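So the sequence lines, in the order shown, correspond to chains A and B. Heads up: the first sequence is residues 25 to 392, going by the numbering used here. Heads up: the second sequence is residues 25 to 392, going by the numbering used here. Just so it is clear, CB atoms sit at the ideal spot from N, CA and C, and this is done for glycine as well. Model, not experiment: these values are computed from the prediction.
Number of protein chains: 2
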Amino acid sequence: MSKVAIVGTGQTKFSKDDDNIEKLLFESASNCLQSTNNLDLNNIDGVLVSTNNNSKYLGAILSETMGIQPKISHSIEHLCSSGTNAIISAYAYISSGLSDMVLVSGVESATNPGQVLEWDKSRGILEHPIYWGSMLTKSHKRKFQTTEEELAIVSAKNHKQAIDNPFAYSNEPRTISEVMNSKQITDDLRILDCSRSCSGSSSILLASEEKAKTLSDQPIWITGIGQKTTSASFTKNILEEIESTRIAVNSAYKMAKIEPKNIDVVEVHDAFSVCELMAVSELGITSNEKSGEFIRNLFNTENRMVNPRGGLIGAGHPLGATGISQTIEITNQLQGKANKRQISNATTGLIHNMSAAGTSSSIMVLKN
Amino acid sequence: MSKVAIVGTGQTKFSKDDDNIEKLLFESASNCLQSTNNLDLNNIDGVLVSTNNNSKYLGAILSETMGIQPKISHSIEHLCSSGTNAIISAYAYISSGLSDMVLVSGVESATNPGQVLEWDKSRGILEHPIYWGSMLTKSHKRKFQTTEEELAIVSAKNHKQAIDNPFAYSNEPRTISEVMNSKQITDDLRILDCSRSCSGSSSILLASEEKAKTLSDQPIWITGIGQKTTSASFTKNILEEIESTRIAVNSAYKMAKIEPKNIDVVEVHDAFSVCELMAVSELGITSNEKSGEFIRNLFNTENRMVNPRGGLIGAGHPLGATGISQTIEITNQLQGKANKRQISNATTGLIHNMSAAGTSSSIMVLKN
Chain A
25 MSKVAIVGTG QTKFSKDDDN IEKLLFESAS NCLQSTNNLD LNNIDGVLVS
75 TNNNSKYLGA ILSETMGIQP KISHSIEHLC SSGTNAIISA YAYISSGLSD
125 MVLVSGVESA TNPGQVLEWD KSRGILEHPI YWGSMLTKSH KRKFQTTEEE
175 LAIVSAKNHK QAIDNPFAYS NEPRTISEVM NSKQITDDLR ILDCSRSCSG
225 SSSILLASEE KAKTLSDQPI WITGIGQKTT SASFTKNILE EIESTRIAVN
275 SAYKMAKIEP KNIDVVEVHD AFSVCELMAV SELGITSNEK SGEFIRNLFN
325 TENRMVNPRG GLIGAGHPLG ATGISQTIEI TNQLQGKANK RQISNATTGL
375 IHNMSAAGTS SSIMVLKN
Chain B
25 MSKVAIVGTG QTKFSKDDDN IEKLLFESAS NCLQSTNNLD LNNIDGVLVS
75 TNNNSKYLGA ILSETMGIQP KISHSIEHLC SSGTNAIISA YAYISSGLSD
125 MVLVSGVESA TNPGQVLEWD KSRGILEHPI YWGSMLTKSH KRKFQTTEEE
175 LAIVSAKNHK QAIDNPFAYS NEPRTISEVM NSKQITDDLR ILDCSRSCSG
225 SSSILLASEE KAKTLSDQPI WITGIGQKTT SASFTKNILE EIESTRIAVN
275 SAYKMAKIEP KNIDVVEVHD AFSVCELMAV SELGITSNEK SGEFIRNLFN
325 TENRMVNPRG GLIGAGHPLG ATGISQTIEI TNQLQGKANK RQISNATTGL
375 IHNMSAAGTS SSIMVLKN
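Dropping the structure here:
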């Protein structure tokens, strides 16, 4: 079985414009292919598109617009973690020998579907994500004595970090006080606690070990993978836990033969502020009880270890592109190419993505 | 790398009812899991749904309704070949070691999207599949002197064969004369030359070699895979060829180490009568010039080698389920469980599926 490397990356600016998705796909895919050395398009034998958009056969459309005639092409959808799942699927194609080089492109428009989950009747009328975000927040405050200020620090930190991300939706600094005084939308959530749906696309090129060496001076290797779906219904969740993340990350750590202490930089799925606190806990980096203090320390010391590109709250959340942009950030960090966002001496990074109120999680560990 | 086997299959009746897709998925998946021996649901670590339906996170929904908590879950879309692509994706997960056992369930409702391809402006106002079906038919008649009777025999044969398929949309015999006198819908197509969109679901369980032995007395092995996307635009096609099929099948033959003469039974994508003639030619079973005569001989001798379950014309075409039902038919044939449809002594079978006027093709070779 071949090792699998990331050999190219490309993104579009995330924005509130309701852009044409084919145009966005083309832009990020073009940027991605231009980031490689000596690429022959004839060697790309897979094109996967991750999206919640209702358009059909986007894999073939992207292939044609890029001048690629792949073996494998199709679209993958799994709400917020579509992009991570598509990368893991591409890993499987390469590792199994069915493919040598796969382009994975995620895309969403600001008006994307996939936020309101009509199937989950257990949510009652509360089908918009803000309601589960609110319930998780209330629960975290109650069980772990998490303060409103600690929650606001997550957002302030991520907005601050997004300023140095040229592709981010938001480039405005937001103070703790601004977050705490922003518009209240439920008892426990303010508008600046929430990630924003937006338009955007990101692309990544994966290759087998043999191909990787010619395409990149600094291939980044996928060394750990873990995934778990515990349910589809929100009300099957235990409110203080993201069980799917805990199970998935344990698989990923085992496959990568690492422990939480080995992680230098991490992208976590902060759909809402509370999700970042819960995620760093489930990843074993800290505990729920200490998570508020942990993030406060990062903020105070300007340590960008968690969500260096600004997370979903700062960078925006174009569903199908999010997991790919998270992976690009860790790739850049491990290549030492993250500019002002750079974590020094990062050699091991982790991507955490999840769907549907954390009922599914997908994890990858990357190494340089 | 593990070998990959088919260890369970299940279907629903294909019909014109606009059934709830979650209900259809549940029915075919239940039938599939009940077809195995000693199955522990905890061992299913992948659930893939193939569909053109716009519903989101169906992989998680199917998992929850079935009582499965997989690692991997998501949906795959690539128009008519969604199902085959999902099976090949599952193969990659198992072969790469990321998964041991994957449930692949395809579903469509009679009102499914995915027929009208708005992106392909090269079709002008002729965006419905009947127009490319009509152009391919005219072209085949002109270049290969294919007669209207030869085209009608494809439909008559497939309708006849569908009578013995309990899951088929149509169970009515249609004579050659009935086909030739059915409603004319373009210069070169009559209504009985066309496959019908319908509701239906089919499911298949794939497992690694180690797991397969405990789950089935007759595991069927996937020994060859080939895929190709040449374009997304119909007008990039050469009208007398399905280039994507020819390229894909050559890959599959090479991987399976077989030649066309080794194929005992084949499922081909007869979206329209002419597609069956073109497919058996591109697969190397006959030539375009002789394809009409070849199918006539099968019909006259009641040889069910091509599309024994009735093809898309006889069995119906619920897009996301079609490739899975094709694979189930070849599985049943190689297990000697195809009842009245059985080809004697079948040991090697092939599935041919394609999308978007043949601009993409996916092929699998199965062995018992």
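1) In angstroms, rounded to a whole number, what distance separates the CA positions of residue 277 of chain A and residue 303 of chain A?
2) How would you call residue 332 of chain B, buried or exposed, if buried means at least 16 neighbouring beta carbons within 10 angstroms?
3) Under 9 Å Cβ-Cβ, which residues of chain A neighbour residue 93 of chain B?
4) By DSSP, does residue 102 of chain B sit in helix, in strand, or in coil?
5) Determine, using beta carbons only, whether residue 141 of chain B comes closer than 8 Å to chain A.
6) Three or more C-beta pairs closer than 8 Å, one from the segment 355-371 of chain A and one from the segment 135-147 of chain A: is that the case here?
7) Let me know the alpha helix (DSSP H) ranges lying completely inside the segment 272-307 of chain B, each 4 residues or longer, listed in chain order.
8) Given a threshold of 16 other Cβ atoms within 10 Å of its Cβ, counted over all protein chains shown, does residue 395 of chain B qualify as buried or as exposed?
9) I need the boundaries of the alpha helix (DSSP H) containing residue 313 of chain B, first residue and last residue.
10) Let me check one thing: in DSSP terms, what residues is residue 214 of chain A bridge-paired to?
11) Mind pulling the beta strand (DSSP E) runs of 3 or more residues that sit fully within the segment 128-211 of chain A?
12) What residue from B/314, B/208, B/338 has the CA that sits closest to residue 170 of chain B's CA?
13) By DSSP's criteria, residue 251 of chain A is part of a beta bridge. Which residues make up the other side?
14) Using a 10 Å radius around the Cβ and a threshold of 16 neighbouring Cβ atoms, would you call residue 281 of chain A buried or exposed?
15) Could you check what DSSP says for residue 58 of chain A in three-state terms: helix, strand or coil?
16) Would residue 89 of chain B pass as a contact of residue 50 of chain B if the rule is Cβ separation under 8 Å?
17) Which chain A residues sit within Cβ distance under 7 Å of residue 103 of chain B?
18) How many whole angstroms separate the CB atoms of residue 256 of chain A and residue 60 of chain A, which I take to be in contact at a CB cut-off of 8 Å?
19) Quick one, which of B/201, B/184, B/232 has its alpha-carbon nearest residue 325 of chain B's?
20) What in chain A is Cβ-close to residue 347 of chain B, meaning under 7 Å?
21) Using 8 Å as the Cβ pair cut-off and three pairs as the minimum, do the segment 199-213 of chain B and the segment 108-122 of chain B touch?
22) Using a Cβ-Cβ distance cut-off of 8 Å, determine whether residue 51 of chain A contacts chain B.
23) Near residue 36 of chain B, which residues of its chain fall below 6 Å by C-beta distance, leaving aside the five closest residues on each side in sequence?
24) Any residues in the segment 121-134 of chain A with a beta carbon nearer than 9 Å to a beta carbon of chain B? Which ones, in chain order?
25) Quick one, are the C-beta atoms of residue 126 of chain B and residue 91 of chain B less than 8 Å apart?
26) If you reduce the DSSP assignment to three classes, tell me which class residue 231 of chain B lands in.
27) May I ask you to report which of helix, strand or coil DSSP gives residue 371 of chain B?
28) Determine the DSSP secondary structure at residue 37 of chain A, reduced to helix, strand or coil.
29) With three or more beta-carbon pairs closer than 8 Å as the criterion, would you say the segment 156-165 of chain B touches the segment 290-306 of chain B?
30) Identify the contact partners of residue 85 of chain B in chain A, using a Cβ-Cβ distance below 7 Å as the criterion.
31) So with CB distances below 7 Å, who are the chain A contacts of residue 54 of chain B?
32) Since I believe residue 264 of chain A is in contact with residue 164 of chain A (beta carbons under 8 Å), could you give me their beta-carbon distance rounded to a whole number of angstroms?
33) Does residue 140 of chain B pass the burial test, meaning 16 or more other C-beta atoms within 10 Å, or should it be called exposed?
34) Would you report the Cα separation of residue 375 of chain A and residue 284 of chain B, rounded to the nearest angstrom?
35) Is there contact here, the segment 231-251 of chain A with the segment 350-364 of chain A, by at least three beta-carbon pairs under 8 Å?
36) Kindly indicate if chain B contains any beta-carbon less than 8 Å away from that of residue 106 of chain A.
Result, derived from the coordinates:
1) Answer to the nearest angstrom: the Cα atoms are 15 Å apart.
2) So residue 332 of chain B counts as buried.
3) Neighbours of residue 93 of chain B on chain A, chain order: 252, 253, 254, 255, 268, 271.
4) Residue state for residue 102 of chain B is assigned as strand, using DSSP reduced to three classes.
5) Between residue 141 of chain B and chain A, the shortest Cβ-Cβ separation is below 8 Å.
6) No, the segment 355-371 of chain A is not in contact with the segment 135-147 of chain A.
7) Taken in chain order, the whole alpha helix (DSSP H) runs of length 4 or more contained in the segment 272-307 of chain B are 297-306.
8) There is simply no residue 395 of chain B to check, as chain B begins at 25 and stops at 392 in what is shown.
9) According to the DSSP assignment, residue 313 of chain B belongs to the alpha helix (DSSP H) that extends over 312-324.
10) According to DSSP, which records beta bridges pairwise, residue 214 of chain A is partnered with A/208.
11) DSSP runs (the beta strand (DSSP E)) wholly in the segment 128-211 of chain A: none.
12) Per the Cα distances, B/314.
13) According to DSSP, residue 251 of chain A bridges with A/386.
14) Under this definition residue 281 of chain A is an exposed residue.
15) Residue state for residue 58 of chain A is assigned as helix, using DSSP reduced to three classes.
16) Yes.
17) Near residue 103 of chain B (Cβ distances below 7 Å), the residues of chain A are 80, 81.
18) Contact between residue 256 of chain A and residue 60 of chain A is absent: CB atoms are separated by about 38 Å, not below the 8 Å threshold.
19) Of the listed residues, the one whose Cα sits closest to residue 325 of chain B is B/184.
20) Going along chain A, no residue has its Cβ under 7 Å from residue 347 of chain B, so there is no contact; the nearest lies around 11 Å.
21) When C-beta atoms of the segment 199-213 of chain B are compared with those of the segment 108-122 of chain B, fewer than three pairs fall below 8 Å, so the two segments do not count as touching.
22) Not a single CB atom of chain B sits nearer than 8 Å to the CB of residue 51 of chain A.
23) Result list for residue 36 of chain B: 48, 51, 52, 224, 225, in chain order.
24) Along the segment 121-134 of chain A, the positions whose C-beta sits under 9 Å from a C-beta of chain B are 121, 122, 123, read in chain order.
25) Result no, Cβ atoms of residue 126 of chain B and residue 91 of chain B do not sit closer than 8 Å.
26) If DSSP states are grouped into helix, strand and coil, residue 231 of chain B belongs with the strands.
27) Three-state result, residue 371 of chain B: coil.
28) Note: residue 37 of chain A maps to coil in three-state DSSP.
29) Taking 8 Å as the limit for Cβ pairs, the verdict is that the segment 290-306 of chain B does touch the segment 156-165 of chain B.
30) Result: 143, 256.
31) Result: empty, since nearest Cβ-Cβ is about 17 Å, beyond 7 Å.
32) Sure, about 7 Å apart at Cβ, within 8 Å.
33) The C-beta of residue 140 of chain B has fewer than 16 other C-beta atoms within 10 Å across all chains shown, which makes the residue exposed.
34) Cα to Cα, the separation comes out at about 45 Å.
35) Taking a contact to require three or more Cβ pairs closer than 8 Å, the segment 231-251 of chain A and the segment 350-364 of chain A qualify as touching.
36) Interface residue, yes.
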